[in-house]
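J.: Position 66 of the sequence shown, counting from 1, maps to 76 under the numbering used here, and the rest follow consecutively. The C-beta atom is built at its ideal place from N, Cα and C for all residues, glycine as well.
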Amino acid sequence: MPRKRKPPALLGGPYHAPPFEPGSSLVCRIRGRQTVAGVTGAPYPWPYCHREGGGGPRILIVCGGLEAAIRAESAQAICYFWGVGRHLVSEWRRALGVGRMTPGTIVRWRELAPRKLPRAARRRGGAEAARRRQVSTRGEP
């Protein structure tokens, strides 16, 4: 039986959706004013809408706490707590002008580095340390 993974940690939070009712409208930071069609069943329930004209897939309304989470949390945490895919998180970050490395992503990389990198690579310290070693071993002319 596969081992159950613990969910990724959130740095901030708890994150809250703005007050809404199905049928009301919210301002999405990416798509503008949207009509709320319902709420997701993810660990963080969130309002969603449909494309103009109705139907189609559920589209989360990027507002309130979700926007703050996109700017601060790791993609893995956002995927888990809001029930979306990594590609969508990348699209949101691009649309909001958020860089690839958020504070949550940096923490997650530090947690995973001991498992992902071989011991010798961790000891060497990476590309910057290699450059410093190379510079320090050059002789004076």
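(1) Can you confirm whether the stretch 93 to 100 touches the stretch 33 to 44 when touching is taken to mean that 3 or more C-beta pairs between the two stretches lie within less than 8 Å?
(2) Measure the Cβ-Cβ separation of residue 46 and residue 73 and say whether it is below 8 Å.
(3) With 16 other CB atoms within 10 Å as the buried threshold, where does residue 56 fall?
(4) What do you get for residue 70, buried or exposed, if any count of 16 or more other CB atoms within 10 angstroms of its CB means buried?
(5) Looking at the strands, I want to know which residues DSSP matches up with residue 66.
(6) Per DSSP, which residues does residue 106 bridge with? Please list them.
(7) With DSSP run on the structure shown, which of helix, strand or coil describes residue 53?
(8) Residue 108 and residue 88 - do their beta-carbons sit closer together than 8 Å?
(9) Quick one: give me the first and last residue of the alpha helix (DSSP H) that residue 145 is part of.
(10) For a test of the three-state rule: what should DSSP assign to residue 90, helix, strand or coil?
T.: So, to answer that:
(1) no
(2) Cβ distance not < 8 Å, so residue 46 and residue 73 don't count as in contact.
(3) Buried is the call here.
(4) Residue 70 should be labelled buried.
(5) DSSP output for residue 66 lists no bridge partner at all.
(6) Per DSSP, none; premise fails for residue 106.
(7) coil
(8) no
(9) 137 to 147
(10) helix
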